[in-house]
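Read the structure below first, then the notes.
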Amino acid sequence: DAGVTQSPTHLIKTRGQQVTLRCSPKSGHDTVSWYQQALGQGPQFIFQYYEEEERQRGNFPDRFSGHQFPNYSSELNVNALLLGDSALYLCASRTGTTLVGDTQYFGPGTRLTVL
Amino acid sequence: QKEVEQDPGPLSVPEGAIVSLNCTYSNSAFQYFMWYRQYSRKGPELLMYTYSSGNKEDGRFTAQVDKSSKYISLFIRDSQPSDSATYLCAMSVSYTGNQFYFGTGTSLTVIP
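Read top to bottom, the protein sequences are chains A and B.
So that you can map any letter, position 6 of the first sequence is 6 in my numbering, and since no number is skipped, the others follow by simple counting.
To convert a position in the second sequence, counted from 1, into my numbering, add 115.
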């Protein structure tokens, strides 16, 4: 079992560009959440996808959008990149019925640098 | 004011020491409290989970929650160099835990 995988590992973009990050959930998981972790900060919830729909969203602008595919994999898209978007983007997966005490598995993250 | 406050450290202790990590929070609706460990260049992994107030022990780790003071703690006994990591507290309002609120993390180094 490969666990949660994310690609790419690192990415460098310039201001104003658009970026797409990808996540494959752990086998058997159908719910994917995305988090942004700035340097020296804790992860901040961006949104969660279940059954190919955005179920909940954190305090992030519309420049951040996502998608979930029928195989439960997910993409995070960020438009009009700002310097402040530089961060580690984490994907976490679980089953839709996972209770808070059960393990939500995190991937290793994608390090995005915006110049 | 941030919803979850955590002392970023860094914290450096000798091997075998007892480590105390703490978080405070402002949202009284939080009912579920987690501690995650994050090694460098890795995603966070769940260490401990507690519901409402009380203590929970798992091996060398003990989690405490004091809802009246809005204060949670993680104690690590007989600390090992392999415990060197960043420790994140996280909290949730709902039972299904769709949205976690994380602290900033405390960096811990255990010196052999």
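Note that beta-carbon positions come from the ideal geometry of N, C-alpha and C, so glycine has one too.
Since the structure is predicted, the reported quantities are computational estimates derived from the model, not experimental observations.
Original post:
Who are the Cβ neighbours of GLY3 of chain A in its own chain at under 7 Å, not counting the five residues just before and after it?
Top reply: Residues of the same chain with a CB within less than 7 Å of the CB of GLY3 of chain A, apart from the 5 flanking positions on each side, are LYS26 and TYR105 in chain order.
**OP:** May I ask you to verify whether the region 133-152 of chain B touches the region 192-201 of chain B, counting CB pairs closer than 8 Å and requiring at least 3?
**Re:** yes
Original post:
Under the rule that 16 or more other beta-carbon atoms within 10 Å means buried, what is ARG156 of chain B, buried or exposed?
Top reply: exposed
**OP:** Using only alpha-carbon positions, find the residue among A:GLU51, A:ARG55 and A:LEU88 that is nearest to TYR35 of chain A.
**Re:** Nearest C-alpha to TYR35 of chain A: A:LEU88.
Original post:
Tell me, which residues are paired with ARG22 of chain A by DSSP?
Top reply: According to DSSP, ARG22 of chain A bridges with A:SER7 and A:GLU75.
**OP:** Would you mind working out which of B:SER168, B:GLY124, B:CYS138 and B:VAL119 sits nearest VAL225 of chain B, comparing C-alpha positions?
**Re:** B:GLY124
**OP:** Determine, using beta carbons only, whether LYS117 of chain B comes closer than 7 Å to chain A.
**Re:** With its beta carbon at least 7 Å from every one in chain A, LYS117 of chain B lies outside the interface.
Original post:
Quick one: is GLN214 of chain B near chain A, going by C-beta distance under 7 Å?
Top reply: Yes, its Cβ sits closer than 7 Å to a Cβ of chain A.
Original post:
Can you tell me whether ILE12 of chain A is buried or exposed, with buried defined as 16 or more other CB within 10 angstroms of its CB?
Top reply: ILE12 of chain A should be labelled exposed.
**OP:** Tell me LYS171 of chain B's beta-bridge partners as DSSP assigns them.
**Re:** Bridge partners of LYS171 of chain B: B:ALA178.
**OP:** Confirm, please, whether the CB-CB distance from ARG55 of chain A to GLN48 of chain A is below 7 Å.
**Re:** yes
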